[in-house]
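Okay, so the sequence shown: first residue is 1 according to our numbering, each after it adds one.
Cβ coordinates follow ideal geometry from the N, Cα and C atoms, glycine included.
Taking it in order: structure first as structure tokens, then the write-up.
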Amino acid sequence: MLCARPSRSPRFSEGGEDDDYDESKTRKTNLCSFPVRPLPNNNNITKSLFLPLTILTIVIVLIIIIVMFRNNLVCITQSDHLNLLRMDGSNSDFGSLGVPCCRSKLGQTVEWTTKDLIMGLEEFIPIYETRPIKNNVFGMGFDHSFGLWFIARWLKPDLMIESGAFKGHSTWVLRQAMPEMQIISLSPRHPKKYLKKGAAYVDENCTYFAGKDFIDFGSVDWKSVMKKHGILDLSRVLVFFDDHQNELKRLKQALKAGFQHLVFEDNYDSGTGDHYSLRQICDQSYIRGGGHSCFRDSDEARARMERKKFWEKAVDIEELCGEGDSWWGVRGEMRDDFNHSNKEISHAEHFQNSRFVESVLDVYWELPPVAPSSLTHQTRYDPARAPDPIIEDGRFDLFKRLGLTNFETSVFNGYTQMVYLKISPTAP
Ligand SMILES: C[S@@+](CC[C@H](N)C(=O)[O-])C[C@H]1O[C@@H](n2cnc3c(N)ncnc32)[C@H](O)[C@@H]1O
Numbered sequence: 001m002l003c004a005r006p007s008r009s010p011r012f013s014e015g016g017e018d019d020d021y022d023e024s025k026t027r028k029t030n031l032c033s034f035p036v037r038p039l040p041n042n043n044n045i046t047k048s049l050f051l052p053l054t055i056l057t058i059v060i061v062l063i064i065i066i067v068m069f070r071n072n073l074v075c076i077t078q079s080d081h082l083n084l085l086r087m088d089g090s091n092s093d094f095g096s097l098g099v100p101c102c103r104s105k106l107g108q109t110v111e112w113t114t115k116d117l118i119m120g121l122e123e124f125i126p127i128y129e130t131r132p133i134k135n136n137v138f139g140m141g142f143d144h145s146f147g148l149w150f151i152a153r154w155l156k157p158d159l160m161i162e163s164g165a166f167k168g169h170s171t172w173v174l175r176q177a178m179p180e181m182q183i184i185s186l187s188p189r190h191p192k193k194y195l196k197k198g199a200a201y202v203d204e205n206c207t208y209f210a211g212k213d214f215i216d217f218g219s220v221d222w223k224s225v226m227k228k229h230g231i232l233d234l235s236r237v238l239v240f241f242d243d244h245q246n247e248l249k250r251l252k253q254a255l256k257a258g259f260q261h262l263v264f265e266d267n268y269d270s271g272t273g274d275h276y277s278l279r280q281i282c283d284q285s286y287i288r289g290g291g292h293s294c295f296r297d298s299d300e301a302r303a304r305m306e307r308k309k310f311w312e313k314a315v316d317i318e319e320l321c322g323e324g325d326s327w328w329g330v331r332g333e334m335r336d337d338f339n340h341s342n343k344e345i346s347h348a349e350h351f352q353n354s355r356f357v358e359s360v361l362d363v364y365w366e367l368p369p370v371a372p373s374s375l376t377h378q379t380r381y382d383p384a385r386a387p388d389p390i391i392e393d394g395r396f397d398l399f400k401r402l403g404l405t406n407f408e409t410s411v412f413n414g415y416t417q418m419v420y421l422k423i424s425p426t427a428p
């Protein structure tokens, strides 16, 4: 098992200096706010009714929570664990639209907490400042670089595989997480080719299946490659995909090879992106925030239209819905290979795909954005379609103290719900 914790830097002191933290912005939904009729001004009556009313309120809240869990109305994310009171969704930080996620078989989640992520940020930010490729447009920005580094550092794999290297920034990130470990990188163009034009990263301890040696992940004889690299236990391998291929295809290939720890960089939302993603696959009407109405006069249509005015990557109903009101994937298509190879799929097929994915998952965890738009000033992705940020709204002091104000705002633009999957060892 890959469960070792990274060596930790001294505990990060939260609060204290965060004088301008605005509590009202992180207001919790209060499930207990039942209307209570004013009581006669009689202290004894008030006292005698206080205990039964409190017990009744607690019982009602517990019943609501149990019913919601039993009906699978909620996807459990880390922030849900932290804020159980938000479960009614009425004041969810996912916003009015809500977001779908994949349910794991046993409802397990990752073992790291928001505190661990904040400590990770403290350690990673000075590292990110030294990145060799400062301009990584078309590659990962800050959020996903941190996510990949954090996951690799937490899991401490014996081998890391990446599919989709571009100029080598993600190889560099993996190397920072695990300085001594082997990396295998697959990419049609070798990163060294980019050196001629500017910054690129070529790793000395990396086996490249790139350039003339390129092999697609699905065609590699992983058994013999693992043997060659001395890997006996596949649960000690981390695979990172940033190759814009259909993620269902990649998941099946990884399953066939026996890999258990996968990270997908571009986990696009329904109606967006150039390949079929986990987020799209699990977007189903039985999950809160999942499934969509293509009715032009619906609340969803109105909310999407409004949000499109503020967020560049938000999609309105016209973009979301294709012929026959097909909203799944991208307008009813399962996209693949940078949008070069697409296939129309029926809703029944799409539904079967989600059932399959959920049957093999032990953990599905979407990396939260590092900070809210009020601090990063990003205007691309819609925060209503993302999990709660690691740094809460209003915590400018923490954002500044960590050194995040030193970066150009463009590094916060690339967030696309990077996801970590732990495949069940008993998966078929
Ligand atoms: C978005 S870029 C990767 C960015 C990189 N991970 C980073 O963070 O800087 C996508 C890369 O996938 C590569 N690619 C295209 N088809 C691929 C395939 N079948 N397998 C692996 N990589 C592929 C592209 O050539 C490109 O370098």
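Check: residue i C-beta below 8 Å from any heavy atom of ligand 1
i      : result
GLU226 : This sequence places Met at residue 226; Glu is not what is there. Flag unset: Cβ of MET226 not near ligand 1.
VAL166 : Note on residue identity: the sequence assigns Phe, not Val, to residue 166. Under cutoff, so the answer is yes.
PHE50  : no
PRO383 : no
MET140 : yes
ARG189 : yes
LEU367 : no
GLN176 : no
LEU186 : yes
ASP143 : no
GLU162 : yes
HIS275 : no
ASP242 : yes
GLU265 : yes
PHE356 : no
ASN136 : yes
N-terminal and C-terminal residue of the beta strand (DSSP E) that residue i is part of
i      : result
THR405 : From DSSP, THR405 is part of no beta strand (DSSP E); its letter is neither H nor E.
GLN352 : Counting along the chain, GLN352 falls outside any beta strand (DSSP E), though it belongs to the alpha helix (DSSP H) covering 347 to 360.
ILE183 : 182 to 187
LEU238 : 237 to 241
PHE146 : Taken as a continuous stretch (DSSP letters only), PHE146 belongs to no beta strand (DSSP E), being part of the alpha helix (DSSP H) at 142 to 155.
VAL263 : 261 to 264
VAL419 : 419 to 423
ALA210 : 206 to 210
Own chain, CB closer than 7 Å to residue i, minus 5 neighbours either side, in chain order
i      : result
TRP149 : PHE124, VAL173, GLN176, ALA177
THR54  : none
ASN353 : LEU248, ILE281
LYS134 : ALA199
Continuous alpha helix (DSSP H) stretch holding residue i: start and end
i      : result
LYS256 : 247 to 257
LEU174 : 169 to 177
ALA303 : 299 to 308
SER373 : 373 to 376
SER163 : First-last for SER163: 159 to 163, but that is the beta strand (DSSP E), not the alpha helix (DSSP H).
LEU320 : 317 to 320
ARG279 : 278 to 281
Sequence-distant residues of its chain with Cβ nearer than 8 Å to residue i (five each side left out)
i      : result
LEU234 : MET226, ALA257, GLY258, PHE259, GLN260
SER430 : Residue 430 lies beyond the range of the chain shown here (1 to 428); nothing can be said about it.
LYS308 : ALA314, VAL315, ASP316
Contacts around residue i, its chain only, beta-carbon distance under 6 Å, and the 5 residues preceding and following it disregarded
i      : result
PRO383 : SER373
TRP222 : ALA257
GLY322 : ARG331, GLY332
PRO191 : ALA165, LYS167, GLY168, ALA200, VAL202
HIS311 : The question names His, yet the displayed sequence has Trp at residue 311. Cβ within range, chain order: ASP382.
Residue i beta carbon near ligand 3 (any heavy atom closer than 8 Å)
i      : result
PHE338 : In terms of ligand content, the structure shown lacks ligand 3 and carries ligand 1 instead.
* Asked: Touching or not, the segment 237 to 246 and the segment 197 to 209, by the rule of three or more beta carbon pairs under 8 Å?
  -> Contact between the segment 237 to 246 and the segment 197 to 209 is absent, because fewer than three Cβ pairs lie under 8 Å.
* Asked: Does the segment 407 to 422 touch the segment 286 to 298, meaning 3 or more C-beta pairs lie closer than 8 Å?
  -> Counting C-beta pairs closer than 8 Å gives fewer than three between the segment 286 to 298 and the segment 407 to 422, which falls short of the contact rule.
* **Completely contained alpha helix (DSSP H) runs for the segment 98 to 124, where each covers 4 or more residues** => Runs of alpha helix (DSSP H) with 4 or more residues, each lying fully within the segment 98 to 124, are absent.
* **At least three beta-carbon pairs within less than 8 Å, the segment 184 to 204 to the segment 151 to 158** => The segment 184 to 204 and the segment 151 to 158 do not touch, with fewer than 3 CB-CB distances between them shorter than 8 Å.
* To do: Indicate whether the contact test is met: 3 or more Cβ pairs, each with one atom in the segment 387 to 396 and one in the segment 334 to 345, closer than 8 Å.
  => The segment 334 to 345 and the segment 387 to 396 do not touch, with fewer than three beta-carbon pairs separated by less than 8 Å.
* Sufficient close CB pairs (3 or more, under 8 Å) joining the segment 267 to 286 to the segment 96 to 106 -> The segment 267 to 286 makes contact with the segment 96 to 106: 3 or more CB pairs, one atom from each, lie closer than 8 Å.
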